[in-house]
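Read in order, the letters of the sequence shown correspond to residues 67 to 363 in this note's numbering.
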Amino acid sequence: VYGMIRRSSSFNTARVDHIFGDIELVFGDLTDGSSLNQLMRTVRPDEVYNLGAQSHVRVSFDVPEYTADTDAMGTLRLLDAIREEDVKCRFYQASSSEMFGQVRETPQTEDTPFHPRSPYGVSKVFSYWIARNYREAYGMYAVNGILFNHESPRRGPTFVTRKITRAVGAILRGEQDELRLGNLEARRDWGYARDYMEGAWRMLQTDEPEDFVLATGETHSVREFLDEAFGYAGLEWSEYVKIDERYFRPAEVDLLIGDYSKAREKLGWEPTVRFAELVRMMVDHDRERERLEEHYI
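Below, the structure is given as structure tokens:
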């Protein structure tokens, strides 16, 4: 198993240090086509999972060109490297529910039209279609996993779910007395990252490449996430949360909820962790920061 990483001036591999002996980390960058060609030429993988991106939706409004270069053109560069080096592999593209944006129907399926509302969402739509194009034009085994929000204790601290659960732990330890958030009414379909990575793997084990939605079929607001997280810890969130206009998006996505019927029928995939259990898992982790992160994905 190989993992592509960018060079960094600080240590940033803590999340995989516990499996360091089982993987080989190689340098590359989605913005550098020559590095991708070199990796395809030397590694010649059987399966490629493109999980790389500038993945923060709000930040994509601040760095739209970089987001497009990494998320959209990066996918094209990777697909072209596979094609140019004639690597007979199976390719997984991490597509996103943010492609649906201003939703046309509820719940969203593999056939729901896209209406992205951010540079991130727009970039993911390009990636989705270029993966399908290379599948149709060159006969490549390329699939899109349209994954709705997936969380775990490893979620980055700048994302709203982890921002909330980290705040709960910090408040209980007396390290924090305020939490600043944006839109509390945004509703999302939140699932467990381990379940979704199992689904991504299953997509590449089918005889023919197809695109799949992975979701839980439930939607909850940020306000509900606060209720569950703070309530589980015996706290009243309204005593700590402040609304900050800086965290609102220029164009909001109000509601996302996915229909995973196709994945259930063709992949035998089901989510195993539901909303309340997921929130409590994350709160438990952030209440006990000494807990080893390798228990989670």
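Ideal Cβ placement from N, Cα and C applies to all residues, glycine included.
Note on the segment 93-180: whole alpha helix (DSSP H) runs with a minimum of 4 residues are 99-109, 123-128, 130-133, 139-150, in chain order. Separation of residue 228 and residue 101 (C-alpha to C-alpha, rounded to the nearest whole angstrom) is 33 Å. Per DSSP, the beta bridge partners of residue 309 are 247.
Under DSSP, residue 77 takes part in no beta bridge, so it has no partner.
Residue 351 counts as buried, since at least 16 other C-beta atoms from the protein chains shown sit within 10 angstroms of its C-beta.
Membership of residue 342 in the alpha helix (DSSP H) is indicated by the continuous run 341-353. Taken in chain order, the whole beta strand (DSSP E) runs of length 3 or more contained in the segment 190-233 are 207-213. If you check the CB distance, residue 275 and residue 191 do not come in under 9 Å. Ranked by Cα distance from residue 92, the first of 288, 160, 71 is 71.
Between the segment 230-240 and the segment 118-133, the count of Cβ pairs shorter than 8 Å is below three; the stretches do not touch. Excluding sequence positions up to five before and after residue 137, its CB lies within less than 7 Å of the CB of 119, 120, 186, 189, 190, 193, all in the same chain and listed in chain order. The criterion of a C-beta distance shorter than 9 Å is not satisfied by residue 344 and residue 303.
Residues of the same chain with a CB within less than 6 Å of the CB of residue 181, apart from the 5 flanking positions on each side, are 167, 168 in chain order. Of the candidates 199, 145, 322, 145 places its Cα closest to the Cα of residue 111. Taken atom to atom, the span from the alpha-carbon of residue 336 to that of residue 108 is near 36 Å.
For residue 265, the enclosing alpha helix (DSSP H) has its first and last residue at 259-269.
Pairing residue 88 with residue 81, the inter-Cα distance amounts to about 13 Å. In terms of Cβ geometry, residue 160 and residue 96 do not form a close pair [threshold 9 Å]. For the set 322, 315, 264, the Cα lying nearest the Cα of residue 338 is the one of 264. DSSP lists 253 as the beta-bridge partner residues of residue 321. DSSP places residue 90 within a strand segment (E or B) once states are collapsed to three.
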